[in-house]
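Asker: Residue numbers (this note's numbering): 5 to 491.
Beta carbons are placed, not taken as given, at the ideal position from N, Cα and C, and that holds for glycine.
1) When DSSP labels each residue in this structure, what does residue 45 get in the three-state scheme?
2) Rounded to a whole number of angstroms, what is the C-alpha to C-alpha distance between residue 84 and residue 167?
3) What does DSSP give as the partner residue(s) for residue 223 in the beta ladder?
4) Since residue 269 and residue 90 are thought to touch, with beta carbons under 8 Å apart, how far apart are those beta carbons, to the nearest angstrom?
5) Flag this pair as touching only if the segment 219-228 and the segment 105-119 have three or more C-beta atom pairs under 8 Å; answer yes or no.
6) Evaluate contact between the segment 246-257 and the segment 41-57, counting only Cβ atoms and requiring at least three cross-stretch pairs below 8 Å.
7) Within the same chain, show all residues whose beta-carbon is closer than 7 Å to that of residue 340, passing over the 5 residues directly before and after it, in chain order.
8) Apart from the five residues on each side of it in sequence, which residues of its chain come closer than 8 Å, Cβ to Cβ, to residue 13?
9) In the DSSP assignment, what residue or residues form a beta bridge with residue 194?
10) Just list the residues that DSSP pairs residue 252 with in beta bridges.
11) Is the number of C-beta pairs between the segment 132-145 and the segment 193-206 that are closer than 8 Å three or more?
12) Where residue 380 and residue 418 are concerned, what is the direct C-alpha to C-alpha distance, given to the nearest angstrom?
13) Between which two residues does the alpha helix (DSSP H) containing residue 266 stretch?
14) I believe residue 111 touches residue 224 by the beta-carbon criterion, under 8 Å. Please report the beta-carbon distance rounded to the nearest angstrom.
15) Within 10 angstroms of its Cβ, does residue 377 collect 16 or more other Cβ (buried), or is it exposed?
16) To the nearest angstrom, how far is the alpha carbon of residue 337 from that of residue 107?
17) Given the structure, does residue 402 come close to the ligand NAP, in the sense that its CB is under 6 Å from one of the ligand's heavy atoms?
18) Throw me the rounded Cβ distance for the residue 280 and residue 287 pair, which I believe falls under 8 Å.
19) Excluding the 5 residues preceding and the 5 following residue 164 in the sequence, name in chain order all residues of the same chain whose CB lies nearer than 6 Å to its CB.
20) Put residue 164 into one of helix, strand or coil per three-state DSSP.
21) So, is residue 156 buried or exposed, given that buried needs 16 or more other C-beta atoms within 10 angstroms?
22) Leaving out five residues before and five after residue 55 in sequence, what residues of the same chain have Cβ atoms less than 6 Å from its Cβ?
23) If you run the structure through DSSP and keep just helix, strand and coil, what is residue 301?
24) Give me the Cα-Cα distance between residue 242 and residue 184, rounded to the nearest whole angstrom.
25) Measuring only the C-alpha atoms, how far is residue 276 from residue 123?
26) My understanding is that residue 265 touches residue 278, with C-beta atoms under 8 Å, so please give their C-beta distance in whole angstroms.
27) Give the secondary structure of residue 152 by DSSP, where H, G and I count as helix, E and B as strand, and everything else as coil.
28) Below 7 Å CB to CB, which residues in the same chain sit around residue 103 once its five sequence neighbours on both sides are set aside?
29) Out of curiosity, what's the CA-to-CA distance linking residue 212 and residue 206?
30) Exposed or buried, which one is residue 416 when buried takes at least 16 other CB atoms within 10 Å?
31) Would you check if the distance between the CB atom of residue 296 and the CB atom of residue 274 is smaller than 7 Å?
32) Taking all protein chains shown into account, decide if residue 151 is buried (16 or more other Cβ within 10 angstroms of its Cβ) or exposed.
33) Quick one, are the C-beta atoms of residue 35 and residue 59 less than 7 Å apart?
34) So for residue 283, helix, strand or coil by DSSP?
35) Roughly how many whole angstroms lie between the Cα atoms of residue 64 and residue 160?
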């Protein structure tokens, strides 16, 4: 998400960080590069102009030129300007579901934008996080099997859906959905309207008729982020005809540019409320302006990372793995479980996008051949092993490797690669166990984590080297290594 824009901006900031004091010409040149980066990312011209004007004005007003760390000051100014551009008015960011039940939510958008899937995602989110009773209802009487699709998604997510009655119009279905919502004690009714390949009067008249009947608390436009400025144009047209209250950007995970997300608020004046960040039904995030700005500027989004970790965290399993690590008895079953935990948190790419310096780390991971596909292969390889083979990998000789490769649909080369990587990791853990005396790092009784604050940089470098880690191989964070470290 936002990789192209993030990498381009990181290049601009690296240039600024490498200088001492900045001249006004340096600031103007940086502003010009940032403007080009925004336009190439498909950000609307008025939004890009407004953002750059704010950056230049503050850079001069806040005396960046005389600052000791001008590069970091510029990054902060750009971050603050991005947050302001993305932030809606007070109270507009969250979904409005606080009315008398059942609260109607109207979903609108073009065909193929991901509207039906997003409706089910929102229903799951309201059910699991907000503990609301939700009823799904498809008003799409035009697209073949559209109502059946929403019904299937409802079954997959465990959310109730309105029974299908043939021959009813969209308005009649909406009226029946609200009646069912009241009779069934539902908190929220999500109405998925019909989409069209293009905006037309028939579509708009139908949506307006439903809107006038149910008087929705939210009218959410689902737009495909990968369509860039077309998504902004669609949002403007729907707002003029129907009057939307917010936007949901779908397929944001596939949009490396990020122009739609940045432009929506500035052009339409409507808040982006949710982001679709994957195909899974729980891959829906709240739109948090400060966190999005952090991701765009390569600062990561550690808060979201911690929140995701908390959602999938299994304390019992974590304690079990910690004990195994301490004893140096971590096996391939444990490795598979760690891969699964990572997948639940958004996979390798999802995790990387939330870490500071994500751009550099992604390049290093790509160079090392680590990607989502490889991890899937490794899980398949481990699944093709017997419990005994997972516990004692040394048992896996030529014939077993051949069987495992055939069972996992991979090659003997990939099986060998996994076993080699696991062997290296096991040896490193054993070295760390010896250093800690009882399975941890030296520095604390019983071998715990060392006190980094009181450790000399040379000592820390030596500890990393002894444990099998080369400090030079560690991902570079924005701004470089702390003082005292050698790069």
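Answerer: Looking at the coordinates:
1) coil
2) Rounded to the nearest angstrom, the gap between the Cα atoms of residue 84 and residue 167 is 48 Å.
3) 110
4) About 6 Å separates the two Cβ atoms, so the contact holds.
5) Remark: three or more beta-carbon pairs, one from each stretch, lie closer than 8 Å, so the segment 219-228 and the segment 105-119 are flagged as touching.
6) no
7) 383, 386.
8) 38, 41, 82, 300, 301, 302
9) 109, 140
10) 226, 278
11) yes
12) 12 Å
13) Segment 263-272, the alpha helix (DSSP H) holding residue 266.
14) 6 Å
15) exposed
16) Residue 337 and residue 107: Cα-Cα distance of roughly 46 Å.
17) Although the ligand NAP was asked about, the structure shown includes no ligands whatsoever.
18) Contact flag correct, Cβ pair sits at about 6 Å.
19) 139
20) strand
21) Classification of residue 156: exposed, given that the 10 Å Cβ count is below 16.
22) 85, 89
23) Of the three classes helix, strand and coil, the one that applies to residue 301 here is coil, per DSSP.
24) 28 Å
25) 15 Å
26) Residue 265 to residue 278, Cβ: 11 Å. No contact.
27) In this structure, DSSP gives residue 152 a helical state, which the three-state scheme calls helix.
28) Cβ within range, chain order: 221.
29) 10 Å
30) Around the C-beta of residue 416, fewer than 16 other C-beta atoms lie within 10 Å, and the residue is accordingly described as exposed.
31) no
32) buried
33) yes
34) coil
35) 55 Å
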